[in-house]
Amino acid sequence: AQRVTQPEKLLSVFKGAPVELKCNYSYSGSPELFWYVQYSRQRLQLLLRHISRESIKGFTADLNKGETSFHLKKPFAQEEDSAMYYCALQGAGSYQLTFGKGTKLSVIP
Amino acid sequence: NAGVMQNPRHLVRRRGQEARLRCSPMKGHSHVYWYRQLPEEGLKFMVYLQKENIIDESGMPKERFSAEFPKEGPSILRIQQVVRGDSAAYFCASSLLQGLDTGELFFGEGSRLTVL
Numbered sequence: 001a002q003r004v005t006q007p008e009k010l011l012s013v014f015k016g017a018p019v020e021l022k023c024n025y026s027y028s029g030s031p032e033l034f035w036y037v038q039y040s041r042q043r044l045q046l047l048l049r050h051i052s053r054e055s056i057k058g059f060t061a062d063l064n065k066g067e068t069s070f071h072l073k074k075p076f077a078q079e080e081d082s083a084m085y086y087c088a089l090q091g092a093g094s095y096q097l098t099f100g101k102g103t104k105l106s107v108i109p
Numbered sequence: 001n002a003g004v005m006q007n008p009r010h011l012v013r014r015r016g017q018e019a020r021l022r023c024s025p026m027k028g029h030s031h032v033y034w035y036r037q038l039p040e041e042g043l044k045f046m047v048y049l050q051k052e053n054i055i056d057e058s059g060m061p062k063e064r065f066s067a068e069f070p071k072e073g074p075s076i077l078r079i080q081q082v083v084r085g086d087s088a089a090y091f092c093a094s095s096l097l098q099g100l101d102t103g104e105l106f107f108g109e110g111s112r113l114t115v116l
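Residue numbers (the working numbering), protein chains in the order written: chain A, 1 to 109; chain B, 1 to 116.
Put into structure tokens, the structure is as follows:
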């Protein structure tokens with residue numbers, strides 16, 4: 001069975017401080033990992049995927065297969081980063097995304 | 001492109017009634033997914049459909065729940081004889097390519113079902 005764990009329900013940081021949103025997964029094969037974000041009053045949308053190795057809005061995420069983690073990081077938080085962040089996993093050959101419960105990031109001015 | 005459209009946004013039903021949730025995918029998308037989010041939980045996969053075909057319904061409860069995506073018109077998630085435990089947000093998503101090849105789902109705003 002595959003599982004995604006986001007241990008922090010709520011994370012508050014000051015503007016300009018570094019941010020790390022934790023994501024751990026359980027999957028026996030090689031997964032595809034994603035971060036989705038939902039800003040206030042907006043739809044859930046893709047932020048980044050590990051295969052593209054992009055930096056989106058200053059966020060990066062590295063897949064660590066040894067630690068089965070895919071933490072989302074940003075060196076300097078901005079107020080507009082305040083949102084719900086969901087880590088998601090896609091198993092090989094699967095049509096499904098398995099989501100974590102989400103972490104609410106609050107950036108304090 | 002208006003994006004994925006879901007209606008109704010809010011639906012209240014009494015126990016035993018039927019709930020119908022509609023989803024129109026993004027223009028040009030022929031792959032539709034339904035997810036359910038219970039309070040304080042992550043989104044849980046329910047079903048994946050293409051036009052006139054159910055591809056994967058492994059996340060759907062075996063009873064009372066059904067989904068369709070007809071040749072014409074929106075996808076419909078139908079819940080018969082609703083119970084309080086069905087109260088949740090139901091999200092529809094669509095993709096351009098089959099089976100999440102791009103990894104990107106485009107989500108609707110969700111339909112919030114409340115069962116009294």
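Cβ atoms here follow ideal geometry from the backbone N, Cα and C, with glycine treated the same way.
At a cut-off of 8 Å between C-beta atoms, LEU47(A) does not count as an interface residue with respect to chain B. If you ignore the 5 residues before and after GLU67(A), its C-beta comes within less than 8 Å of the C-beta of ASN24, all in its own chain and listed in chain order. By the Cβ neighbour-count rule, LEU97(B) is exposed, with fewer than 16 other Cβ atoms within 10 Å of its own. Contact of LYS57(A) with chain B is not assigned, every C-beta pair being separated by 8 Å or more.
Taking 8 Å as the cut-off, the Cβ atoms of GLU52(B) and LYS71(B) count as close. Per the C-alpha coordinates, the member of GLN96(A), GLN90(A), ALA92(A), ALA83(A) positioned closest to VAL107(A) is ALA83(A). Cα atoms of GLU32(A) and LEU89(A): separation of roughly 6 Å, rounded to the nearest angstrom.
A residue is called buried when at least 16 other Cβ atoms come within 10 angstroms of its Cβ; LEU48(A) meets this threshold and is buried.
Residue state for GLU32(A) is assigned as strand, using DSSP reduced to three classes. Per the coordinates, the alpha-carbon of ASP62(A) lies some 19 Å from the alpha-carbon of ASP81(A). Here ILE76(B) is bridged, per DSSP, to ARG22(B), GLU68(B). If the five residues before and after ARG84(B) are omitted, its C-beta is found closer than 7 Å to the C-beta atoms of ARG15, VAL115, all from its own chain and listed in chain order.
Separation of the CB atoms of CYS87(A) and PHE76(A) is rounded to 21 Å, and the pair is thereby denied contact status at 8 Å. For VAL19(A), the enclosing beta strand (DSSP E) has its first and last residue at 19 to 21. With the criterion set as a beta carbon lying under 7 Å from some beta carbon of chain B, the members of the stretch 22 to 33 of chain A are GLU32, in sequence order. One thing to note: GLY108(B) has its Cβ no nearer than 8 Å to the Cβ of VAL12(B).
The distance from the Cβ of GLU40(B) to that of LYS101(A) is about 7 Å, consistent with a contact at the 8 Å cut-off. From the listed residues TYR85(A), LYS65(A), TYR27(A), LYS15(A), the smallest Cα separation to SER40(A) is found for TYR85(A).
For LYS65(A), there are no C-beta contacts with chain B under 8 Å, since the nearest C-beta of that chain is about 18 Å from it. Excluding five sequence positions before and after HIS10(B), the CB atoms of its chain that fall closer than 7 Å to its own CB belong to ARG112, given in chain order.
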